[in-house]
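Report on the structure given below.
Protein chains in written order, with full-length UniProt numbering: chain U, 1 to 731; chain V, 1 to 731.
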């Protein structure tokens with residue numbers, strides 16, 4: 001832990017990537033925002049609220065907690081003191097906007113500096129082209145070649161066609177599974193050479209003819225290898241396996257930047273160009289989705305997210321109504337004697353009703369990731385960002401609003417539809433101060449305890465032991481189960497944003513909540529700093545692409561707090577303050593708009609000035625570089641690395657004159673996939689090198705784990721990326 | 001008129017530009033949409049409604065017009081017949097979307113074809129660069145030069161610096177005015193040689209010393225010429241008169257397309273690049289506005305538009321309260337004997353109250369144009385489009401909603417804020433059928449009569465005669481006053497869209513309104529076709545850039561009609577139909593989104609494929625073209641054409657080696673500003689060639705005319721553009 005505190009930001013970027021470093025900055029931003037606000041609020045508002053003392057003599061019969069005496073509820077209606085609250089809301093908004101602006105500025109320049117300092121990387125020269133139109137009698141490869149040679153004659157370099165290897169990938173995963181079982185049985189046999197392991201042939205080994213396990217798996221493997229060979233041939237020979245997608249590379253960053261930012265064709269749904277994600281960030285499966293299908297998918301998913309956010313309680317309530325003891329006894333009468341035991345009965349009665357909800361909340365992030373996958377994004381980083389956005393909506397409606405207003409989100413929605421727009425902030429605003437105690441508890445249970453769990457890595461520990469018990473059969477399995485993973489953005493970012501929301505909303509209303517938020521940020525900062533430095537492995541690098549979302553959600557929190565204060569004050573008969581508070585959201589929105597136009601392009605586009613400067617620098621330092629060879633198989637589907645070398649030539653960028661692998665590694669300092677570069681001599685017919693990280697855990701009992709790892713781990717580079725600042729210092 | 005009907009669309013494009021041709025297509029689109037809808041609605045809905053006959057026996061005491069018997073009001077609540085209305089709403093929506101899709105497709109391809117067929121034009125090679133950063137010790141010209149030579153080394157050709165000539169332009173306009181007075185007085189003297197014209201020196205010639213007019217104006221002119229010479233020197237010598245804006249030209253369309261679509265600099269608020277508008281379309285004054293000021297201006301204008309739409313009645317009511325007879329008598333007691341005359345009194349009583357409103361509505365388009373100018377758009381076409389958008393909001397709120405719900409827009413806003421969102425469509429929906437008679441009258445008075453007025457050109461005729469009476473002094477003035485102008489987009493487009501809205505909303509509710517809309521579209525089509533072919537002069541060519549607005553506003557009309565039908569049916573207790581009608585807006589919105597992504601880029605960007613094809617074609621046909629000379633002064637502020645030739649060299653693109661004018665004209669078939677090309681030998685110190693159209697009418701009595709023509713007419717090319725299809729056929 002102490003070493004973790006000593007590392008500078010540059011070292012963290014070097015060690016764990018910019019994503020992690022900027023992720024930590026969210027916590028320091030929280031501290032920077034809330035430390036002055038807390039001091040100011042406690043010093044000014046608490047005395048103002050306490051001395052008002054309405055609650056001391058008014059309605060003594062009601063149970064008012066001491067916290068309420070410190071809150072805005074304690075101020076008499078129509079009191080002049082509300083102007084202090086309004087003044088502070090202005091001060092806080094100004095302070096938060098100021099900090100947000102500074103931070104956005106800093107992160108944007110960090111990102112640009114990071115991108116500029118990056119050594120040559122395949123994605124800087126490459127653009128992903130989707131929706132290549134089908135011309136009869138000509139392959140997609142030829143179309144791409146011709147189109148870019150015509151329209152980017154000076155910069156076009158080469159292309160990497162994308163093959164539909166989804167079926168083949170499935171076979172490879174199956175082969176792996178079989179290999180694993182084979183290893184397990186061989187291990188068993190070695191330990192007990194007297195007894196050859198046997199098993200049933202049928203479903204899950206539960207019934208069917210009893211056979212020798214080792215023989216059985218060897219035979220199965222053989223059969224599968226044959227299938228794989230067929231599939232491999234099909235991919236190589238069948239022109240239909242070439243997708244209308246291509247990774248097009250240019251001879252300069254400038255050329256790629258131009259192609260990525262411009263419209264190529266008359267028909268704007270064809271020849272869609274975009275920056276290619278890092279090779280390890282690509283979600284290969286979605287490259288095969290056609291454009292028309294994408295728009296339909298987007299519609300369906302947005303409707304489903306809406307349904308999920310507002311109606312998720314309906315199926316859960318249904319399951320809960322089934323999962324009571326009477327229902328259980330009816331369905332399974334043979335369990336009655338067990339259930340009727342007093343100890344078990346009381347346990348079940350306490351446990352069952354919440355079970356469905358708990359399972360749901362546990363698998364929710366996974367469900368959201370799957371939804372994002374269905375939406376068709378082609379990079380893991382985008383998938384996680386989109387899942388985080390969905391999770392945030394869920395938390396906002398169900399945790400924040402759901403806790404303030406009683407009833408399910410669906411009931412709220414119904415109520416809001418039948419209320420006037422001005423009534424809604426009032427309804428919520430009025431209950432805001434009363435819920436302060438609840439949210440303080442929430443921060444302690446969910447925030448503090450969650451962070452403590454994170455440092456002990458409770459959740460992974462439990463999962464690891466569960467896996468160890470039921471699934472781990474070989475050493476390879478064990479290694480795979482111990483993979484620490486990386487920062488869980490889809491879950492962490494939204495809950496982080498929720499704490500910002502709570503802090504900002506309660507800053508003026510019940511300032512006593514602020515120290516709890518502060519403690520959370522400080523504690524979480526230390527813990528995540530430690531985890532990032534010592535535990536996590538980086539999965540991909542998006543160069544802080546999530547920052548615009550963080551920024552805009554803090555702005556949204558500001559707007560929510562302003563509206564709720566407006567509602568709250570209007571119930572306090574401080575109507576003369578309304579104009580003052582109406583101006584604030586307009587100014588905030590305007591600030592957001594300005595920040596968006598000022599900084600967001602740094603996260604979406606790559607300025608030509610930068611590209612050109614980097615190109616010129618490159619040309620000056622190493623003029624005789626063979627860029628084509630460098631890009632040769634950067635964007636090859638990782639599955640192809642299992643192909644024979646002769647076959648590989650077929651699918652690589654440079655069809656005609658492949659360079660020998662040794663040549664390539666010596667010439668280039670860091671070809672993008674370290675996996676392939678480090679093992680150029682690995683046996684060509686088997687990709688999953690024993691020293692590489694575990695590739696796949698088939699775990700039918702945990703749907704969460706299944707869906708998440710199942711698809712992410714097709715290609716997983718083993719070493720943490722050390723290429724960033726590091727190399728730049730050398731050159 | 002008969003010839004007007006014979007012209008094909010291609011001929012119209014050739015004769016009056018694509019804008020006019022596509023403008024006519026809006027009317028044919030209206031016909032295509034409403035003819036089948038009218039037939040279907042009349043055949044199906046009228047029998048259904050009439051036979052329901054609720055109104056015959058129910059509440060006979062109420063005065064129900066016959067039109068109501070044909071409308072949906074006549075159907076019994078909870079009737080099964082409402083499903084016929086819903087089915088027709090679905091059918092109409094599908095039909096309208098289908099027609100919109102086809103039309104958008106057609107217009108987009110027309111636009112691309114038009115752009116492709118255009119002969120070489122300066123704006124195809126030119127990008128306007130705004131916010132050139134100020135580097136101390138270096139002029140903006142040098143910065144631009146260096147930046148583009150570095151970042152677009154292969155394509156950068158030359159630049160045209162922009163000089164702040166606003167003061168000089170003002171002096172030129174003043175000189176013109178004096179020249180006009182001088183001519184007038186000389187003419188007067190020629191007619192009556194016995195009497196030299198004299199005038200007073202003071203304000204408006206009303207008082208002051210009496211002097212000889214000819215001498216007086218000559219002297220004034222002399223003085224002004226001296227000032228102009230000083231100002232001219234200042235522009236040429238002072239580096240501050242060079243604005244941080246530049247027209248940067250490239251050696252190929254491809255290069256310009258790349259530069260216009262990409263981000264140039266790290267800081268996205270610097271080096272902003274955009275396609276340059278046509279030279280004649282540029283609104284020079286706004287080029288001097290800095291970027292930061294632009295964002296503030298946008299905020300202010302959007303707040304003002306909101307205020308204008310919702311609160312415009314407040315000042316008018318105030319003026320009206322003043323402008324009654326008692327008030328008048330109080331202010332001007334000497335008028336009492338006149339006012340008390342019975343005839344005059346009744347006239348004033350009928351006339352005064354509406355006067356303020358009438359004046360307001362008359363000057364509204366001008367006010368909106370001025371607002372758009374303050375917003376800082378740099379092209380006349382954009383200004384007009386934005387003014388049209390603002391006018392549409394005004395019409396939607398004050399004409400459509402204002403007529404349906406009693407009360408001012410402000411009162412409506414207040415009511416809506418205190419109603420639930422589901423209540424609003426009900427409130428409006430319920431009154432929709434009752435207002436059918438009013439809107440039929442409105443269509444007849446405003447639509448039919450307006451069109452009739454248009455063919456007679458009543459408004460221009462009145463203005464012309466007013467001007468003739470008070471202002472026209474010389475032949476030049478007369479010519480100027482007779483300028484027919486062009487299609488008045490800011491006024492015509494919004495009212496057109498209002499008729500679409502009325503047709504779509506009433507299609508299901510009161511189908512008897514449809515024939516009136518149909519007649520309007522047919523009549524207006526014929527009239528505008530005639531006007532465009534025989535009367536109007538084209539002012540600029542935006543290649544149908546307004547179409548996306550037309551499209552999205554028809555979609556908005558569809559959404560409004562669906563919501564109102566939903567509200568109407570819910571008051572008819574047909575609640576079981578709600579789910580059916582909720583799906584419809586979602587599908588419509590989705591259709592809109594699809595159209596946007598499918599077609600809008602054709603209106604915003606210029607595909608590289610197109611640019612490259614045109615470049616290659618160019619290179620093949622004329623290889624030895626001197627593009628630099630061609631672009632030499634295309635983007636020169638028109639005011640500079642009055643400079644001495646030697647001075648002109650200073651400000652032109654090619655500072656060092658200017659080509660002689662004769663050389664240029666012979667080499668190029670149609671350099672962009674015909675004005676300059678046709679009169680290369682015109683006296684260099686006086687730009688306003690007598691044969692060119694009138695440049696400026698200073699008309700203080702008509703604020704509308706003042707603001708509109710005052711700034712538009714700085715540069716006005718005389719000949720209708722014949723370059724479009726025409727040249728393509730030759731090559």
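Think of the CB as a built atom: it goes at the ideal place given N, C-alpha and C, for glycine as much as any other residue.
Coarse secondary structure for residue i, derived from DSSP in three states
i, result
"residue 198 (chain U)", "strand"
"residue 284 (chain U)", "helix"
"residue 337 (chain V)", "helix"
"residue 452 (chain U)", "helix"
"residue 674 (chain U)", "Reliability of the predicted coordinates at residue 674 (chain U) is poor, the pLDDT of 38 falling under 50, and no value is obtained from them."
"residue 571 (chain V)", "helix"
"residue 167 (chain U)", "helix"
"residue 143 (chain U)", "helix"
"residue 6 (chain U)", "helix"
"residue 275 (chain V)", "strand"
"residue 616 (chain U)", "helix"
"residue 581 (chain V)", "helix"
"residue 157 (chain V)", "strand"
"residue 162 (chain V)", "strand"
"residue 553 (chain V)", "helix"
Presumed contact (8 Å Cβ cut-off) between residue i and residue j, rounded CB distance
i, j, result
"residue 611 (chain V)", "residue 254 (chain V)", "4 Å"
"residue 22 (chain V)", "residue 126 (chain V)", "24 Å between Cβ atoms; not a contact."
"residue 129 (chain U)", "residue 272 (chain U)", "7 Å"
"residue 18 (chain V)", "residue 541 (chain V)", "7 Å"
"residue 606 (chain U)", "residue 257 (chain U)", "5 Å"
Endpoints, alpha helix (DSSP H) assigned at residue i
i, result
"residue 19 (chain U)", "9-40"
"residue 98 (chain U)", "82-117"
"residue 250 (chain V)", "From DSSP, residue 250 (chain V) is part of no alpha helix (DSSP H) but of the beta strand (DSSP E) over 242-250."
"residue 211 (chain U)", "No alpha helix (DSSP H) holds residue 211 (chain U); the beta strand (DSSP E) holding it covers 210-212."
"residue 382 (chain U)", "380-394"
"residue 306 (chain V)", "291-311"
"residue 630 (chain V)", "627-630"
Cβ-based burial, residue i [other Cβ within 10 Å; buried from 16]
i, result
"residue 195 (chain V)", "exposed"
"residue 98 (chain U)", "exposed"
"residue 137 (chain U)", "exposed"
"residue 436 (chain V)", "buried"
"residue 124 (chain V)", "buried"
Best match in the options for proximity to residue i [C-alpha to C-alpha]
i, options, result
"residue 312 (chain V)", "V:88, V:585, V:368 and V:527", "V:368"
"residue 499 (chain V)", "V:440, V:541, V:509 and V:487", "V:440"
"residue 42 (chain U)", "U:520, U:627, U:526 and U:512", "U:512"
"residue 504 (chain U)", "U:31, U:12 and U:15", "U:31"
Under 7 Å from the C-beta of residue i: neighbouring residues of chain C
i, result
"residue 264 (chain V)", "This model lacks chain C altogether, as its protein chains are U and V."
Boundaries (first-last residue) of the beta strand (DSSP E) holding residue i
i, result
"residue 126 (chain V)", "126-130"
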